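Colleague: All residue numbers for the sequence shown refer to our numbering, where the first residue is 3 and numbers rise by one. Where is the CB? At the ideal position from N, CA and C, for every residue including glycine. None of the values given here were measured: they were computed from a predicted structure. Shown below is the structure under consideration.
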Amino acid sequence: MVKLRAVGERDLPLLVRWVNDPDVRHWLHQSDRPDATVESVRGRFGLTEEAFANFVWMIETLGGRPVGHVGLLRVDPQHKRAELAISIGEKECWSRGYGTDAITTVLRHAFEEMGLRRVDLHTDADNARGIRCYEKSGFVLEGVMCERRLRYGKPLDMVLMAVLREEWLANRT
Numbered sequence: 003m004v005k006l007r008a009v010g011e012r013d014l015p016l017l018v019r020w021v022n023d024p025d026v027r028h029w030l031h032q033s034d035r036p037d038a039t040v041e042s043v044r045g046r047f048g049l050t051e052e053a054f055a056n057f058v059w060m061i062e063t064l065g066g067r068p069v070g071h072v073g074l075l076r077v078d079p080q081h082k083r084a085e086l087a088i089s090i091g092e093k094e095c096w097s098r099g100y101g102t103d104a105i106t107t108v109l110r111h112a113f114e115e116m117g118l119r120r121v122d123l124h125t126d127a128d129n130a131r132g133i134r135c136y137e138k139s140g141f142v143l144e145g146v147m148c149e150r151r152l153r154y155g156k157p158l159d160m161v162l163m164a165v166l167r168e169e170w171l172a173n174r175t
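Written out as structure tokens, the structure is:
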């Protein structure tokens, strides 16, 4: 359904457009920040161009259309864990399985190639579509972080979800 490729400089304007779209931005923890620029998007990831290629990928349809991005952030080789981040920026592609397919691909890479033992994420507690996608991909709820962030100046709970390598591998067979 999707293929992943390294994020490049040419993708930054598209990423900026997605981050600045109010509907997309709502779920990106960006609601209270100024509009994004190419420089701010590059800086927000805190990555060099080389690091972008290693841990953040563009999600494309099999026809080559970019629809979002996915990444393994804060990779910790000592503890063999990372944090998953994903966004489908093209709204007409929401709820079509692109996110689930991309996450499955990234988890396969994380567990089988990188040797990680855990991948976790946090998302807004009211992100029902995202939570459904994460559960389909093998993530389980580990906890609720009350009033973890502000959205439009109002406190918002977030949930912590994780998937462990052994559980993910066992559920694949």
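Among 25, 15 and 143, whose alpha-carbon lies nearest the alpha-carbon of residue 60?
Modeller: Of the listed residues, the one whose Cα sits closest to residue 60 is 15.
Colleague: Could you give the distance in angstroms between the alpha-carbon of residue 39 and the alpha-carbon of residue 91?
Modeller: The alpha-carbon atoms of residue 39 and residue 91 are separated by roughly 16 Å.
Colleague: What span of residues does the alpha helix (DSSP H) with residue 84 cover, start to end?
Modeller: Here residue 84 belongs to no alpha helix (DSSP H); instead the beta strand (DSSP E) covers 83–90.
Colleague: Ordered along the chain, which non-local residues of its own chain (more than five positions away) have a Cβ less than 8 Å from that of residue 127?
Modeller: Excluding positions up to five away in sequence, the list reads 146, 158, 159, 160 and 161.
Colleague: Please state if the CB of residue 7 and the CB of residue 62 are separated by a distance shorter than 8 Å.
Modeller: Yes, the Cβ-Cβ distance between residue 62 and residue 7 is below 8 Å.
Colleague: In whole angstroms, give me the CA-to-CA distance for residue 109 and residue 37.
Modeller: Rounded to the nearest angstrom, the two C-alpha atoms are 31 Å apart.
Colleague: Have a look at residue 23 and residue 156 and give me their C-alpha separation to the nearest angstrom.
Modeller: C-alpha separation (whole angstroms): 20 Å.
Colleague: With the cut-off set at 8 Å, would you say residue 89 and residue 66 are in Cβ contact?
Modeller: The answer is no: Cβ separation not under 8 Å.
Colleague: Between the Cα of residue 1 and the Cα atoms of 131, 125 and 77, which residue gives the shortest distance?
Modeller: Since the displayed the chain opens at 3 and closes at 175, residue 1 lies outside it and no answer follows.
Colleague: Considering only the beta carbon of each residue, do residue 172 and residue 141 sit closer than 8 Å?
Modeller: Cβ atoms of residue 172 and residue 141: not closer than 8 Å.
Colleague: By how many angstroms is the C-alpha of residue 113 removed from the C-alpha of residue 18?
Modeller: Those two C-alpha atoms are separated by around 30 Å.
Colleague: Starting from residue 130, trace the alpha helix (DSSP H) in both directions and tell me its first and last residue.
Modeller: Start and end: 130–138.
Colleague: The beta strand (DSSP E) with residue 62 in it runs from where to where?
Modeller: Run containing residue 62: 58–63, per the beta strand (DSSP E) assignment.
Colleague: Output the distance between the C-alpha atoms of residue 13 and residue 120, rounded to the nearest integer angstrom.
Modeller: Between residue 13 and residue 120, the C-alpha separation is close to 29 Å.
Colleague: What residues in its chain sit with their C-beta under 8 Å from that of residue 117, if we drop five residues either side in the sequence?
Modeller: These residues qualify, in order along the chain: 82.
Colleague: Determine the burial state of residue 152: buried for a count of at least 16 other Cβ atoms within 10 Å of its Cβ, exposed for fewer.
Modeller: With fewer than 16 other Cβ atoms within 10 Å, it is exposed.
Colleague: Grouping DSSP H, G and I as helix and E and B as strand, with all else coil, what is residue 164?
Modeller: Residue 164 falls in the strand class under three-state DSSP.
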